[in-house]
Each structure stands twice: as C-alpha cells, then as structure tokens.
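Please read the structure below before turning to the comments.
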C-alpha cells in the first residue's frame, strides 16, 4: 500500500518529547544517510522521468514504460529497510515494515510487471505518482532526521501529504489489481490445479480478490494511525505558537 | 492456612483493622505455606503493616496492621462483593509496573520495610488452559472428519458423502483423529499446569484457534479431495510413514507422562526431567523438550504418509513455533538449575 507507516515511531522519538534515542552508531548512521540519499535521488529520477515523458508525449497514457526500470530497481531496493529493522539500526517494527515493503513489491512485480495488459492503464500512473511523491518526502525526511537538521517543511509535508496521497495510491492499486483479474483468470497465471503429486492447489485469481478485500480492514487502520501521528508530531508546534 | 480474604469495599474506600479471616476461594492457595516453626524465643515478634493500593489510581484499597512476618504475600486475595473479581485475575505486586508476586513469596523475604505497600492490578478476565486446549483441539478433530466424510458444499455435489478410493486417505484420517483425541485426553488427564489460567484472554484464543482450525481445514481439504494423488512410492512410503508416526506418538505420550510424574499433584514444583525406565524417555539425555521433538516427528510422518504440501507447511510452521518454545524452556532450565546437563539441546539433538 502506498503509505508512510514505517519510521513514524522514529519520528515521534526524535522530534517529540525527551530525546530517548539510543540510535544507530556512527557507521550505521553514515550508511543510513547514504541509503536514504540514494533512495531520495532514485525517486526523484522517477519523478523527473514521469514529467519529461508527459511533456514529450503530451498525454498521461502509457507513462509507466518510461520509468519502469528505475521504479522496479528502487522499489525493490526498499527491501533493505526490512533488514535495517531486523538488525536494529532503525527502530521500527520488522513486521510492519516487512508488510509495507512487500505489499509494494507485490504490486510492482506480481501485478504490474506480470500482467502486461495492465501496464497501459491509467490506474498505474495513479499509484506510481502517489508512491513517487510519498517516497521523495519520506526519504528526505529520514536523511534530514539522521543529520539532526530537519526542516519543518519536510516534517510538515511528511505528515500532511499522506492525507491525499494515501487514498490516491490505494485507489490506483485497487484499480490496477481489478484490471488484472480477467487476464489472470484467462491465463491461469501463477496458479496450480489438482491433481498433482504434491496435492496442492493455488488460484491466483481468488488470491488477488482476497488481497483486494484485505484493503478494507487494513487501509483505515494505517490511515488513522498516520492521522494520530500527525496530531502528535505537528500538534504541539501549534501550541507553542499560541503561547507566543 | 486459608487464603486471607481482606474485606475491600467497592475498591475505593480504605478499611482499617486486622484482616478478617474469611476464606476466599483459594485459587492461588495451593501454594506451600512457608511457615517456619515458631521460634520459642522471648524476642518481640515483628509485625508488618500492609497496605494495598490500586496500581492505576493509587487509591488505598485496604490497610492491615499486625501481619506476621512469614505471611505468604500472595494470599492477600481481595474478597470483593462482586464475584467477577475472582482470585485468578488479581495481581499483587511490589511495583505498579512490575511483575506479580508469586503465591509462594513470603513477606519476610520481600524487599519491603515494616510497612509494605502492595499494588493491586486487575489482570482482566481469565480463561483456564484446559478450556483453551479443549477448544483448540476439538476443532481440528471435527473439521477433518467433515472433510473426510465429504460433507456438502466442500467439494462438487456429485462427491457428497462419498468416500475416497485410496486406503491411505482412511489411514490418514485415523492417524489425524487419533492424534487429536490423544491430545484431548492428555489435556484432561495427564498435563499438570503451573498456572491455572491463561493471561490476556482476549488475544490468544482467537489466534490459536484460527491457527489450528484453519490449518486442519486446509490439510483436510486436499487429503480428502476427490482428485487426491497418493504417495509416489506407494505402500512402502506409507508403511514407513506410519511407523514413524506411531513411534513419535508413543514417544510424545511417554514424555508427557514423565513430565507429569515430575510434579506431585497440586504442586507447582519444577525439576530437571531425566530419562526413566521407558526407552522413549532416553532422549532426555540429548534434548530438553523431547515432547516437541516427537511432535515434529509425528507430523513429518504424517507429511510422508499423505505427500501433501499443506501438511508440510503445517509441519514447518509448527516446528518454528516449537523451536521458539523449546529454546525459551531450555534457557529457563539453564537459569534455574546450576547442574543442568550440558549435553542437552533445546529440540534437536546437537543441532538446535
């Protein structure tokens, strides 16, 4: 799902209340800064690629092809973030981050890449745009946080843009999966039927439908979690200005 | 000695005076009372004062003076007029955020001055382990049988109430059912639980049941499917699998009995388990938690017997979970017993 859930706990720690960070060591911090800078740059490349392709073609359609490779590269690279949590240099939950990243990777590879026919759909542009803007803000947020030099604008953007980007991304994702359904059913993509010697079966079509259904309980939880985080992180700043 | 029931009025007002010795339902009162033999000295007897506060609101729930030194702390069972506050859900502790005191803790040995302050916390509704296990295990038993008998709406209508033509499917049903019947009987007659109830009643039972029931349905669906494919190596494979399965079932049962015999009825003592005359327990020489080892073996046997990938998944997931439990148990053995045999591994000899 297009979201910015992982790392919010980190944000809450470093910017709100007493600094109880027992954060990463110097080497880990250096590595993380490089990682986040590279990711910010990568998603900027995707953003620029989208804009240039739009200007060149003059239409929204089929922009996916112009950024297909960097999208796959940088979105897949985010798997490293699960490792960061597992190793402990990032104070987020492995499960939450894992879930977040794998859902993105799933959409990138198991849906968009695998079902060629949906690649020209406008819904793809919808979620790619949402992801791009979200990730640029998120990775620059992490970069600045690590350098202890976070401009309020970035913090504000991180905790505000999601209000529009999250639903936008979710819509794009759902529409894309929905568009893929008939092709999956027709070709039996990634499906295994009985009888076979392992006595196992898997219907990718049904699986995709279940994935779509799972958005119903999951999306509101993540969304309202971010809203609560926003109140916590941005809320008290307004109080200070009231005091003055 | 009976559990000392302290009259706590609706929990908000303070009560002074000596405790009323009305026996409350002594759920934690199986604790051995560490009554030291009365010293016949002329020394003044030291009394404690005890106050019990609510851990969250810090309201004084009750106050006692003249409490004897060797008074087991966890027999402070608050007897409130509302029966929903049964003893098992009461937690008495030294620190509001700390761990509960054990039933056997004695006032004299706790780090308190002559005025002891305890905090009371409500643990929430409790559910007994027996109830949990019975629910968890009855599900798979019944669900599997539903698939075995091909109850309508599972498979295509023309297969309703038919039986499989493969004899291994009948064998698998017998093994699976035997396994869960064994578990139910063990829960009722063999196991001795150190805690009567399971904490956090809201959380585990739905998850545990989903796990057991869900996997049972998933496995049963394929094994009893009209298009089921029997094992490649036929009778040889099935026979070997059955031997492994039965061997491990007997082994698992032997371990449960051995563990039960370590603990006298009604007690919560913990001892190092050792091999007994029963050869199936000789594995204790190499493994801390052979019940899990045998359980793994049983499911490997079942996987081999049915040659079914979902069964293999179930075995794998179970193995991961049991390894986590075994490692935890092994660690607490090592912590508790200085002379714990060093040769033992948690679950797999020499490996894990």
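Protein chains in written order, with UniProt numbering: chain A, 1 to 244; chain B, 1 to 352.
All C-beta atoms, glycine included, are put in the ideal place defined by N, C-alpha and C.
Being a predicted model, the structure only gives us computed values, none of them experimental.
Close beta carbons around residue i, own chain, < 6 Å, minus the five adjacent residues each side
| i | result |
| --- | --- |
| residue 120 of chain A | 62 |
| residue 298 of chain B | 245, 248 and 249 |
| residue 36 of chain A | 139, 142 and 143 |
| residue 132 of chain A | 43, 46 and 47 |
| residue 64 of chain A | 119 and 124 |
| residue 68 of chain A | none |
| residue 217 of chain B | 143 |
| residue 150 of chain A | 144 |
| residue 190 of chain B | 256 and 260 |
| residue 49 of chain B | 65 and 115 |
Terminal residues of the beta strand (DSSP E) in which residue i lies
| i | result |
| --- | --- |
| residue 53 of chain B | 47 to 54 |
| residue 118 of chain B | 115 to 122 |
Contact set between residue i and chain A, taken where Cβ atoms lie within less than 9 Å
| i | result |
| --- | --- |
| residue 62 of chain B | Ordered by position in chain A, no residue passes the 9 Å Cβ test against residue 62 of chain B, which lies about 36 Å from the chain. |
| residue 96 of chain B | Those do not exist, as residue 96 of chain B stays about 20 Å from chain A at its closest Cβ, beyond 9 Å. |
| residue 229 of chain B | 194, 195, 196, 197, 198 and 199 |
| residue 232 of chain B | 197 |
| residue 225 of chain B | 194, 195, 199 and 201 |
Contacting residues, own chain, Cβ-Cβ under 7 Å from residue i (five flanking each side not counted)
| i | result |
| --- | --- |
| residue 101 of chain A | 78, 79, 81 and 82 |
| residue 96 of chain B | 55 and 119 |
| residue 161 of chain B | 149 and 150 |
| residue 284 of chain B | 273, 274, 275 and 290 |
| residue 130 of chain A | 2, 165, 168, 169 and 172 |
| residue 99 of chain B | 93 |
| residue 259 of chain A | Examination of residue 259 of chain A is not possible in this model, given that chain A is present from 1 through 244 alone. |
| residue 204 of chain A | 184, 189, 190 and 191 |
| residue 98 of chain A | 82 |
Terminal residues of the alpha helix (DSSP H) in which residue i lies
| i | result |
| --- | --- |
| residue 298 of chain B | 290 to 306 |
| residue 137 of chain B | 129 to 148 |
| residue 110 of chain A | Note, residue 110 of chain A: premise wrong, no alpha helix (DSSP H); not H, not E. |
| residue 176 of chain B | 167 to 189 |
| residue 267 of chain B | That residue, residue 267 of chain B, is in no alpha helix (DSSP H); it is neither H nor E in DSSP. |
| residue 309 of chain B | 309 to 336 |
Under 8 Å from the C-beta of residue i: neighbouring residues of chain B
| i | result |
| --- | --- |
| residue 200 of chain A | 222, 308, 309 and 310 |
Contacts around residue i, its chain only, beta-carbon distance under 8 Å, and the 5 residues preceding and following it disregarded
| i | result |
| --- | --- |
| residue 237 of chain B | 231, 304, 305 and 307 |
| residue 286 of chain B | 343, 344, 345, 349 and 350 |
| residue 195 of chain B | 129 |
| residue 161 of chain A | 133, 134 and 137 |
| residue 186 of chain B | 253 and 256 |
| residue 76 of chain A | 105, 108 and 109 |
| residue 39 of chain A | 74, 77, 78, 135 and 139 |
| residue 337 of chain B | 272 |
| residue 72 of chain A | 108, 109 and 113 |
| residue 111 of chain B | 94 |
Interface partners of residue i on chain A, CB under 7 Å
| i | result |
| --- | --- |
| residue 143 of chain B | What residue 143 of chain B touches in chain A: nothing, since even the nearest Cβ is about 17 Å away. |
Residue i at chain C interface by Cβ criterion, 8 Å
| i | result |
| --- | --- |
| residue 129 of chain A | In summary, chain C is missing from the structure at hand, where the protein chains are A and B. |
Check your understanding: Between the segment 169 to 177 of chain A and the segment 205 to 220 of chain A, do at least 3 Cβ pairs fall closer than 8 Å?
Key -> Below 8 Å, enough C-beta pairs join the segment 169 to 177 of chain A and the segment 205 to 220 of chain A to call them touching: three or more.
Check whether the segment 149 to 163 of chain B and the segment 263 to 276 of chain B are in contact - that is, three or more C-beta pairs closer than 8 Å.
Judged by pairs of C-beta atoms under 8 Å, the segment 149 to 163 of chain B does not touch the segment 263 to 276 of chain B, as fewer than three such pairs exist.
Sufficient close CB pairs (3 or more, under 8 Å) joining the segment 184 to 201 of chain A to the segment 156 to 175 of chain A
The segment 156 to 175 of chain A and the segment 184 to 201 of chain A do not touch, with fewer than three beta-carbon pairs separated by less than 8 Å.
Exercise. Hey, is the segment 246 to 257 of chain B in contact with the segment 286 to 303 of chain B, meaning 3+ C-beta pairs nearer than 8 Å?
Worked result: As far as the Cβ criterion goes, the segment 246 to 257 of chain B touches the segment 286 to 303 of chain B, which means the pair count is three or higher.
Okay, do the segment 213 to 229 of chain B and the segment 256 to 275 of chain B touch, 3+ Cβ pairs below 8 Å being the bar?
The segment 213 to 229 of chain B is not in contact with the segment 256 to 275 of chain B.
Worksheet entry | Length at least 4, wholly inside the segment 118 to 155 of chain A: the alpha helix (DSSP H) runs in chain order | Here the runs fully enclosed are 122 to 146.
Can you list the alpha helix (DSSP H) stretches of 4 or more residues lying completely in the segment 14 to 94 of chain A, in chain order? Unbroken alpha helix (DSSP H) runs of no fewer than 4 residues, entirely contained in the segment 14 to 94 of chain A, are found at 26 to 57, 64 to 77 and 80 to 87, following chain order.
TODO: Just list the alpha helix (DSSP H) runs in the segment 162 to 190 of chain A, keeping only unbroken ones of 4 residues or longer that don't cross its boundaries, in chain order.
DONE: As far as the segment 162 to 190 of chain A is concerned, its whole alpha helix (DSSP H) runs of at least 4 residues are 162 to 187.
Between the segment 254 to 261 of chain B and the segment 163 to 180 of chain B, do at least 3 Cβ pairs fall closer than 8 Å?
No: fewer than three Cβ pairs fall under 8 Å.
For this session: Only counting runs of 4 or more residues, tell me where the alpha helix (DSSP H) segments fall wholly within the segment 215 to 245 of chain B, in order along the chain.
Result: The alpha helix (DSSP H) runs lying completely inside the segment 215 to 245 of chain B and spanning 4 residues or more number zero.
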